[in-house]
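These protein sequences, in sequence, are chains A and B. Numbering-wise, my numbering puts 116 at position 115 of the first sequence, and it's gapless, one number per residue. Numbering-wise, my numbering puts 138 at position 53 of the second sequence, and it's gapless, one number per residue. Backbone N, C-alpha and C fix where the C-beta goes; we use that ideal spot for every residue, glycine too. Take a look at the structure set out below.
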Amino acid sequence: GAGVSQSPSNKVTEKGKDVELRCDPISGHTALYWYRQSLGQGLEFLIYFQGNSAPDKSGLPSDRFSAERTGGSVSTLTIQRTQQEDSAVYLCASSLQTGNTGELFFGEGSRLTVL
Amino acid sequence: AQSVTQLGSHVSVSEGALVLLRCNYSSSVPPYLFWYVQYPNQGLQLLLKYTSAATLVKGINGFEAEFKKSETSFHLTKPSAHMSDAAEYFCAVSDSSNTGKLIFGQGTTLQVKP
């Protein structure tokens, strides 16, 4: 596709269940980012992948959160034992260039609701 | 550490009026600054960016922003608001790690009244 694709667009789950959110970046983009957007909280950085380098996991809020990027393309964000405070929109972005001047291209997000 | 503060979580203007959305930043290195817009149920879209060239940056849809180092500000303006400008606007500063990671403000919701 032409843009960043995320699935599912909406996910409702029960507290304690595990969820997986998928991101398919723009073809050729080597950098991939996950952000979390909570109501009234702005965007919170979660994790960053660049090529084959070790990911920057500094934004992951707890060890229940993990992410992987297979083959330098598709990424999966996994939340184990979900809690109600995990309810948010999870946004994925990709970028063609490294460094600070490149544009991040965002997907439409995956809205997670934990009951 | 880098940070961004957006003054005013909600701004309401009349159609045709000036739009002014405020953003102040803190950065330990020369900053790269961005404004993104998010329409309902959509991802973020880049409006404009400052990367140390001209201090007055023009973006899409008639928006512009001016980098003022002395004021550590990067306010977003548009001379005449249109109904289609109603959206949430985010100011962001690049992280000092040179990874392209962005630090976002809390966002400002712009309402445009007819």
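For valine 90/A, the enclosing beta strand (DSSP E) covers residues 89-96. Taking 9 Å as the cut-off, the Cβ atoms of leucine 187/B and leucine 106/B do not count as close.
Annotated as distal: glutamate 69/A and threonine 83/A, with beta-carbon spacing of 9 Å or more.
Straight across, the Cα-Cα distance linking leucine 97/A with glycine 185/B is about 10 Å. DSSP places aspartate 19/A in the coil class of the three-state scheme, outside both helix and strand. Three or more beta-carbon pairs separated by less than 8 Å are not found between the segment 26-35 of chain A and the segment 170-182 of chain B, which leaves the two stretches without contact. Between lysine 12/A and serine 76/A a beta carbon distance of about 16 Å is seen, past the 8 Å cut, so the two are scored as non-contacting.
Proximity of chain A to lysine 143/B at the Cβ level (cut-off 9 Å) is not reached, the minimal Cβ distance being about 15 Å. Under DSSP, no beta-bridge partner is assigned to lysine 186/B.
Here glutamine 42/A is exposed. Its C-beta has fewer than 16 other C-beta atoms within 10 Å. Spanning the alpha carbons of valine 122/B and lysine 18/A requires a straight line of approximately 33 Å. Below the 7 Å Cβ cutoff, chain A contributes Glu104 as neighbours of leucine 131/B, in chain order. Proline 62/A has its alpha-carbon roughly 11 Å from the corresponding atom of tyrosine 36/A.
In its chain, beyond the 5 residues on either side, Gln196 and Lys198 have a beta carbon closer than 7 Å to the beta carbon of serine 97/B. Pairing glutamine 81/A with serine 67/A gives a Cβ-Cβ distance under 9 Å. Short of 7 Å from the beta carbon of isoleucine 48/A, and not among the five residues preceding or following it, lie these beta carbons of its own chain, in chain order: Trp35, Pro56, Asp57, Lys58, Gly60, Leu61 and Ala68.
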